[in-house]
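Beneath this line is the structure, given in structure tokens, with notes to follow.
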Amino acid sequence: QKEVEQNSGPLSVPEGAIASLNCTYSDRGSQSFFWYRQYSGKSPELIMSIYSNGDKEDGRFTAQLNKASQYVSLLIRDSQPSDSATYLCAVSGGSNYKLTFGKGTLLTVNP
Amino acid sequence: ETGVTQSPTHLIKTRGQQVTLRCSSQSGHNTVSWYQQALGQGPQFIFQYYREEENGRGNFPPRFSGLQFPNYSSELNVNALELDDSALYLCASSLTSASYNEQFFGPGTRLTVL
Numbered sequence: 033q034k035e036v037e038q039n040s041g042p043l044s045v046p047e048g049a050i051a052s053l054n055c056t057y058s059d060r061g062s063q064s065f066f067w068y069r070q071y072s073g074k075s076p077e078l079i080m081s082i083y084s085n086g087d088k089e090d091g092r093f094t095a096q097l098n099k100a101s102q103y104v105s106l107l108i109r110d111s112q113p114s115d116s117a118t119y120l121c122a123v124s125g126g127s128n129y130k131l132t133f134g135k136g137t138l139l140t141v142n143p
Numbered sequence: 013e014t015g016v017t018q019s020p021t022h023l024i025k026t027r028g029q030q031v032t033l034r035c036s037s038q039s040g041h042n043t044v045s046w047y048q049q050a051l052g053q054g055p056q057f058i059f060q061y062y063r064e065e066e067n068g069r070g071n072f073p074p075r076f077s078g079l080q081f082p083n084y085s086s087e088l089n090v091n092a093l094e095l096d097d098s099a100l101y102l103c104a105s106s107l108t109s110a111s112y113n114e115q116f117f118g119p120g121t122r123l124t125v126l
């Protein structure tokens, strides 16, 4: 079983729509959850971190965490073409101090 | 505040050679982690350095080694390069080694092994 799983996509949404990105993880002891955005040919850029169950909002981004279901998601409201990138879910804590990444979901926002 | 920097940006080597990649951590950060990202994959953890000591290692062979210096900058060394070592090598710095600390990535070094 893969440690962190994401839908590989591509996920295509029209400009102005809500993009929903999902991630599941296998280590129940995981405590810290991160979303990174990676543009093609660039390095990952941290956009959100979440540590407690529930929602965390930052501008157009909302991260949602459900530890019981071992599920974390990222919602992007009012999607813009500049949001087109690969979104990486990363998990740490419990038995892991390192970041364990999913393969990423490619998001395309169409004008 | 200076972010994470890495050098060189790109590197081309041949199989069997050795390579050294460098990373300067963000100001105030004492922990550096190294990751390998193959095309189409998420980054894979190589190892972490905290206060000049290796603080953990992923599933990489011993020919991958590292150092951290008193100013918390770090090096990744890879010996006996193989074709599969071709990847983007990422350095990330964090305030401390605690798992809840956010890790911030440098621009990466693209290594091509021919």
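So the sequence lines, in the order shown, correspond to chains U and C. Numbered as in the working numbering, the first sequence ends at 143 without a single skipped number. Numbered as in the working numbering, the second sequence ends at 126 without a single skipped number. Beta carbons are placed, not taken as given, at the ideal position from N, Cα and C, and that holds for glycine.
Validate contact between the segment 86-100 of chain U and the segment 34-52 of chain C using beta carbons, cut 8 Å, 3 pairs: no
Interface flag, Leu102(C) vs chain U, CB-CB below 7 Å: One-based indexing of the second sequence puts residue 102(C) at position 90. Chain U contact via Cβ: present.
Per-residue DSSP class, three states only, for Pro143(U): Position 111 of the first sequence, counted from the start, is the residue given in the question as residue 143(U). DSSP places Pro143(U) in coil when its eight states are reduced to three.
Neighbour flag for Pro76(U) against chain C, beta carbons, 7 Å: On the first sequence, position 44 is the one that residue 76(U) refers to. A Cβ of chain C is located within less than 7 Å of the beta carbon of Pro76(U).
Neighbour list for Ser45(C) in chain U, Cβ cutoff strictly below 8 Å: Taking the first residue of the second sequence as 1, we reach residue 45(C) at position 33. Result: Lys130, Leu131.
Element boundaries [beta strand (DSSP E), containing Glu65(C)]: Within the second sequence, residue 65(C) is the residue found at index 53, counting from 1. Start and end: 65-69.
Gln48(C) versus Asn85(U) - alpha carbon distance: By one-based count along the second sequence, residue 48(C) stands at place 36. By one-based count along the first sequence, residue 85(U) stands at place 53. The straight-line gap from Cα to Cα measures roughly 30 Å.
Counted within 10 angstroms of its Cβ, other Cβ atoms place Thr124(C) as buried (16 or more) or exposed: In the second sequence, residue 124(C) corresponds to position 112, counting from 1. Exposed, by the Cβ-count rule.
Between the CA atoms of Gly136(U) and Leu51(C) - distance to the nearest angstrom: For the purposes of this step, residue 51(C) is taken as the residue at position 39 of the second sequence. For the purposes of this step, residue 136(U) is taken as the residue at position 104 of the first sequence. Annotation: Leu51(C) to Gly136(U) spans about 11 Å, alpha carbon to alpha carbon.
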